[in-house]
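This note's numbering runs 371 ahead of the 1-based position in the sequence shown.
See structure below.
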Amino acid sequence: METHLLSAVSHGLGLTLLQQGVPDKTNEIGAAQSVLSALVLQGRIVTMDALLTQKQIAAQVVALGGTS
């Protein structure tokens, strides 16, 4: 069995801030909203891969004070 994780990384600090498992037969989109809600995004720049360029995720980043 292979474990699939979604990670939030601070490139400035060189640290993984948070990891969440992604259920089998799904993708990171559902897990991304949970990960984002656990982070302080005020004034932060948020980057993601192409799969996560979803309207609802961008709206959540902006609502939490981040920039996407």
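Note that CB positions come from ideal geometry on N, CA and C, so glycine has one too.
Smallest Cα separation from residue i: which of the options?
| i | options | result |
| --- | --- | --- |
| Val380 | Leu423, Gly436, Thr418, Ile428 | Thr418 |
| Gln390 | Gln404, Ile428, Gly414 | Gln404 |
| Thr387 | Ser378, Pro394, Val393, Asp395 | Ser378 |
| Gly383 | Leu376, Asn398, Ile416, His375 | Ile416 |
| Asp395 | Ser408, Glu373, Val411, Ile428 | Glu373 |
| Leu422 | Gly385, Gly392, Thr397 | Thr397 |
Span of the alpha helix (DSSP H) holding residue i?
| i | result |
| --- | --- |
| Leu423 | Unbroken run through Leu423: none, as it is neither H nor E. |
| Val406 | 399–408 |
From the beta carbon of residue i, is the nearest beta carbon of chain C less than 8 angstroms away?
| i | result |
| --- | --- |
| Thr424 | Going by chain labels, chain C is absent from the structure shown, which holds only one protein chain. |
Between which two residues does the beta strand (DSSP E) harbouring residue i extend?
| i | result |
| --- | --- |
| Leu386 | 386–392 |
For residue i and residue j, which I take to be in contact (beta-carbon distance under 8 angstroms), what is that distance rounded to the nearest angstrom?
| i | j | result |
| --- | --- | --- |
| Leu412 | Leu376 | Incorrect: roughly 20 angstroms between the Cβ atoms, too far for contact. |
| Val432 | Leu407 | 6 angstroms |
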